[in-house]
Each structure stands twice: as structure tokens, then as C-alpha cells.
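Have a look at the structure below, then the notes.
Residue numbers (our numbering), protein chains in the order written: chain Z, 440 to 769; chain W, 440 to 769.
What follows is the structure, given as C-alpha cells:
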């Protein structure tokens, strides 16, 4: 299971960035979900690459087909968050020696089903030997520079909204990692949220077209982390007054004596979009989401004060800038 | 050290390809060195991704900085072979826990120096934890579709040429893997060819502009393998009548009682270009190469008969479709 030390990762990225000469006039600054290259006439090529690593990112009960599909979905999700259509995918595979022909087949099928689900194709790639299974995926797309939903545009007063419920993957990962084989009636939905994640591509594309969105990110590192990322990039804070907890996650929390707020805020490996929206364009954004069968859920407001605060039933607390740490092993 | 089982790799790629729906009108078929996406008006986006894996691809004496640089160079080399200028690079890193801040710094420096040497930049990427060091690099470029030098255009009668000498990396890898610490006077050049590989980007771009090249590939899997790949993709054979053995490799072979032909043909991790050229445009190609300080070396001819044959001093033998197998461990 993925137990990314998110804070450690940020320091690593900073260290690497310090060594890099920066391309002049980069259309998207370092640190957003995707990168871009200017093609002229306001058009940009949009690029993304991220890898799935066997031992750290793939739960034991996930099939190779699901793992390969997920490697595609997590990359597509970043395009979704930016409102960019993926046009072509590349893959680079590191394969342990023990894999057989059937395993390779399953990896191919997973890659293809992820690509086709989001209307694109695998157009090439490379394979080599590795001690751990590595599925690296790269995405290419093009768009108008001004249409990209960055992390950095949120303004105080903007509404904060999400494209769906949270907490399912936090519960599902817990079920999978603790091998709870006799959990309650919500088991299937929760486990499925981990094994068959869905990128919110149609939602991201529809919302991008409205021009109502001021900032956007996917929630792959959890809702709390996503809010902090937008806050940091946009130099705002958030006052969250509604937790978008999934009904199934709420039942799971109750059955297992867990705090549903923790599952909702500090999960991860979920691919909802977290967006800020101009208040006067809220209805427009909501309608655009509804047009692709998405119920856009308002959860709070951006604030000038740079704290990320939860205010539920009159009780106020800080939302911490953390992802998985409560699950962290070793 | 890299000990890729090249034939096994081809079977793996075929198995994966069988699972993939193919994008209609792909500008470059599966199996060439790069992939492409049509942007309209004969323009294509060119994409490549490949990874370096710590335990299998990085000799023990290679520094992290050299390894990161090499991960860039091997990807740029594929663009060089196709005559396409790389415009932007992405990287995805899998980092073992043991790495410290200095190690990360060295990786960042290597990535940057590789990018800057070839006139481009790292524009983004991602990092995560992995049990083995993984440095995955993706390259983006654009070009006119018709200008791409594919593997598949060689015609019987075309001249075969290479951009430089062969055998140095085969010797260098041998020195590094056998920890020969007291080899002859050629040691530095040979080891350097492994640790600091050079992509023939200027050469590839200059040759592409002539329109004289009918097929091209880089020699990362060795000269023999490269010839067989062009032969297979172009449905031709080759009669090779000159072996472009490096002077240093020849001395090393003599000192170590090795066959220089084996070092020349069946090495790898070298990044010269192997090209076929229309005979009537040979002088044009040669001049273009000379313009970027490259001595284009003719080594034989493409033939209608589909064998890859070596004919030196009246003795004829088959060139085998193999890369590293004679070095293979385990």
C-alpha cells in the first residue's frame, strides 16, 4: 500500500528543483500537477509523468490488471484536475524476472482499459528489467494556456467544492491492509474505490469550459493535503464548514469506532477534484457538473487569512497539512 | 550493469501490444524508437519515455549524477536517431529510503546537465518511494511528420553508415564489471564511454535535414542488434564490409586477447547512430555530418536478400541478432 511520506517528498522535490535551470517562460510553474511547453499562439503542450511502484503503491489484493489501470488513472486524474484532455499515453515498464506471459498480458490489458476508458490510447513505451514492478505512465495533451486550471488562482471569497464523496479509499485501504475479511455491508464499495479508482475527467473538462474555476487539484494525497496545496499556491486560507464524507465511509467508521472526519480529511489515493469557484459563477459551475452527472458539493470558502480551518457545528479546529501519516508503517 | 535480455524483451513487448487497441492513424507505428501524435498540418508531437533502473542498469562505479545524466542521454539519443529536437523533459523518480540530501542533489544535477547539454530543460516530474532507484525520463518534441527518420525506410542498395566508432562501451563495461583496476593505456576512454555517454543529437538533426537518410536507429542495444532492427523494419538485409572498431577498443582487445569484432558488433549502451543513406545523396549526408564535426563512416550496403552478413577480407559470416547475451550474468 502506498504510504507516501508527503512532507519528505516535498523536501526531495525542492532539493531537485534547486539543481535545475528553469526554462524561460514556462507556461506552468514547477509544482503544479502537470507541466507544459509553449507551442505558440496561446497553445501549450501539456505533459505529465508518474509511476506506480509495486512494493509501495500496490496493495497485495490488487491484480496486475488493476495496478496497470491505476497507473493510467492517476496520471489522467492530474489532467482532469487541470481541465486538459489526454491525447496520448506512453508507458515505461520495469518488470521483475518472475513475471510470466499471463502477468504481462494483464498489465497490457490494464493499461489499455485505463486508456480507453478516458478516450485515449497507449501509443508507445519501453520495457526493461527491474527488481520491483514499475509502471510509469506519461500523458500528452494540448490546450489553450489560459484554460488550464492551476493550483494558484484561488481568491478570498471563492467557494470550495468537490466532485464527490471522500473517505472511501481511507476505509478501503484499511480493509485491505488489515485483511479484514468480515467487514460490514459497505465492504465492496470501499475496496472497489481503492482497486478501481475513477478519474474525474469529464467533470474537469466540463468545469474548465465554464471559466468559473479559479484553482483545482486532484485529491490523490487526501482532501486535507489538497486544500493546503491550493492554499499555499494561491496564498489564501480555507474555512471548511461541511465534510463531504461518503455514506459508506460513515457506516464503516461507525462499525469500526473510527472518526469519519479523519477518514474524510486524511485519506488519499482518491481522485476527486478539489476546486475553488467564483461565487457569482457557482450556478454555472454546478450546472456544468450536473451536465456530466456530477453533484458538485460546496464544502466551504477561501479566506484571506492563511489558515485551513474546519468549522463544524460551531466547533473550530485546524486541518493539518498531512496525508497518510496516520497509516504509515515502519 | 545492464544485462538486458533483448529477445525476451521483444516477446514482452509483443504480448503487451496484443492487448492494446491501436490509435487510428498513428504517425509512427509501434516498435520504432519514439512515438508520435498528429497535431494536424503534417505536424506531430513526438514522445519518448524510458527508465534507468538502479540494480540492472547502473554499474557500481557510476555516480548518481552520471546515472541521472545517462537517463536523460539515452532518451535524447532516441530523438537524435529520429532527427527530432527535444523541447522539454519530464522525470519520474523512484527513490530508495536510504538516499540522503546529497544523493538527491546529485540526481538533480545529473538530470540538469543532461538536459542542458542538449539544449533543453526539465520542466516537471514526480517522485515517490521505491525499493530500487528508478530514473524515468520522458521527452517531448514536435516536428514535421515527413522529416522523421524511421527504422523502416531502408532500400536495397542504400549505404549503411555510422556516426562514430564502436566497441568502447563493450570494453568499458567489461573493465567496470570485472573491476580490472590495472588495464592498459586505453582505460580512461573506455570507462568514460560508459559513464559519460554522448547522444548524437546534432548529427541526427543535421542528417535529417538532408533528406538523404532512409532509416535510422541508435545503437543502444549494440551494432548487430541495430542492423537487425533496421533489416526487420525495412525488410532488407545488410552486407557489412567494414567494422567501425574504435582504436581504443582494438588496443583493449589485443591486450586482453579478445576478438575486436565481438566488442564492435555485440556491445551496447553506446549511442552512435546507425543509418541507411541513398547512394546518390551520400556526399550530401557526409558533408552535413562533417558540418557538425562528425566523420560519417560507411560500413556496407543494404541488400534485397534478408540476411545480415559480415564480409571482411574475403571471409563471410552471419551477424547474429543479439545484444548483450555473451555478457549475461546468472
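Glycine residues also receive a C-beta, built at the ideal position from the N, C-alpha and C atoms.
All of these numbers come straight from a predicted model, not from anything done at the bench.
Query: What does DSSP give as the partner residue(s) for residue 753(W) in the beta ladder?; Result: DSSP, once it has assigned bridges, lists no residue as partnering residue 753(W).
Query: Would you say residue 540(W) faces chain Z, with C-beta separation under 7 Å as the test?; Result: yes
Query: State the CB to CB distance for the pair residue 532(Z) and residue 529(W), rounded to an integer number of angstroms; the pair is presumed to be in contact (CB under 8 Å).; Result: Contact doesn't hold; Cβ gap of about 17 Å is too wide.
Query: For residue 631(W), I'd like the list of residues in its chain whose CB is within less than 8 Å of its CB, leaving aside the five on either flank, ordered along the chain.; Result: 611
Query: Consult DSSP for residue 592(Z) and reduce its assignment to one of helix, strand or coil.; Result: coil
Query: Would you mind stating whether residue 589(Z) and residue 460(Z) have Cβ atoms separated by less than 7 Å?; Result: no
Query: Can you tell me the Cα-Cα spacing of residue 573(Z) and residue 523(Z), whole angstroms?; Result: 26 Å
Query: Between the Cα of residue 660(W) and those of 712(W), 468(W), 538(W), spot the shortest distance and give me the residue it belongs to.; Result: 712(W)
Query: Leaving aside the five residues before and after residue 568(W) along the sequence, list all residues of the same chain whose C-beta is less than 8 Å from its C-beta, in chain order.; Result: 533, 534, 535, 536
Query: Any beta-carbon of chain Z closer than 7 Å to the one on residue 565(W)?; Result: yes
Query: Do you know how far the Cα of residue 581(Z) is from the Cα of residue 608(W)?; Result: 39 Å
Query: If we count the other Cβ atoms within 10 Å of its Cβ and call it buried at 16 or more, is residue 642(Z) buried or exposed?; Result: buried
Query: What does a CB cutoff of less than 7 Å around residue 633(W) pick up in its chain, not counting 5 residues either side in sequence?; Result: 498, 608, 611, 612, 615, 708
Query: Is residue 669(Z) helix, strand or coil by DSSP?; Result: helix
Query: Give the secondary structure of residue 640(W) by DSSP, where H, G and I count as helix, E and B as strand, and everything else as coil.; Result: helix
Query: Would you decide whether residue 755(Z) is buried or exposed? Buried here means 16 or more other CB atoms lie within 10 Å of its CB.; Result: exposed
Query: Along the stretch 582 to 599 of chain W, where does the CB come closer than 8 Å to a CB of chain Z? Name the residues.; Result: none
Query: Tell me where the alpha helix (DSSP H) around residue 679(W) begins and ends.; Result: Segment 676 to 679 is the beta strand (DSSP E) holding residue 679(W); no alpha helix (DSSP H) there.
Query: Looking at residue 483(Z) and residue 477(Z), is the spacing between their C-beta atoms short of 7 Å?; Result: yes
Query: Does DSSP classify residue 720(W) as helix, strand or coil?; Result: helix
Query: Could you work out which residues of chain W lie near residue 572(Z), taking near to mean beta carbons separated by less than 7 Å?; Result: Going along chain W, no residue has its Cβ under 7 Å from residue 572(Z), so there is no contact; the nearest lies around 10 Å.
Query: Residues of chain Z with CB closer than 7 Å to the CB of residue 469(W), please, in chain order.; Result: 563
Query: So, are the CB atoms of residue 585(Z) and residue 687(Z) less than 7 Å apart?; Result: no
Query: How would you write the range of the alpha helix (DSSP H) that residue 518(Z) sits in, first residue to last?; Result: 503 to 521
Query: What are the residues of the stretch 486 to 507 of chain Z that lie near chain W, defined by any Cβ-Cβ distance shorter than 9 Å?; Result: 486, 487, 488, 489, 490, 491, 492, 493, 494, 495, 496
Query: Does the separation of the CB atoms of residue 657(W) and residue 552(W) fall below 7 Å?; Result: no
Query: Going by Cα to Cα distance, which pick from 480(Z), 721(Z), 566(Z), 579(Z) is closest to residue 489(W)?; Result: 566(Z)
Query: State yes or no: is the C-beta of residue 599(W) within less than 7 Å of the C-beta of residue 715(W)?; Result: yes
Query: In this structure, does DSSP put residue 461(Z) in helix, strand or coil?; Result: coil
Query: Against residue 685(W), what residues of chain Z qualify as contacts under a CB-to-CB distance less than 8 Å, listed in chain order?; Result: Chain Z residues near residue 685(W): none, gap ~26 Å exceeds 8 Å.
Query: Rounded to whole angstroms, what is the Cα-Cα separation between residue 750(Z) and residue 645(Z)?; Result: 30 Å
Query: Who are residue 482(W)'s beta bridge partners in DSSP?; Result: 479(W), 583(W)
Query: So is residue 514(W) in contact with chain Z if we call contact Cβ pairs under 7 Å?; Result: no
Query: Can you check which of these residues, 737(W), 705(W), 513(W), 724(W), is closest to residue 665(W) by C-alpha distance?; Result: 705(W)
Query: Alpha helix (DSSP H) containing residue 692(W): first to last residue?; Result: 686 to 694
Query: Could you give the distance in angstroms between the alpha-carbon of residue 467(Z) and the alpha-carbon of residue 722(W)?; Result: 45 Å
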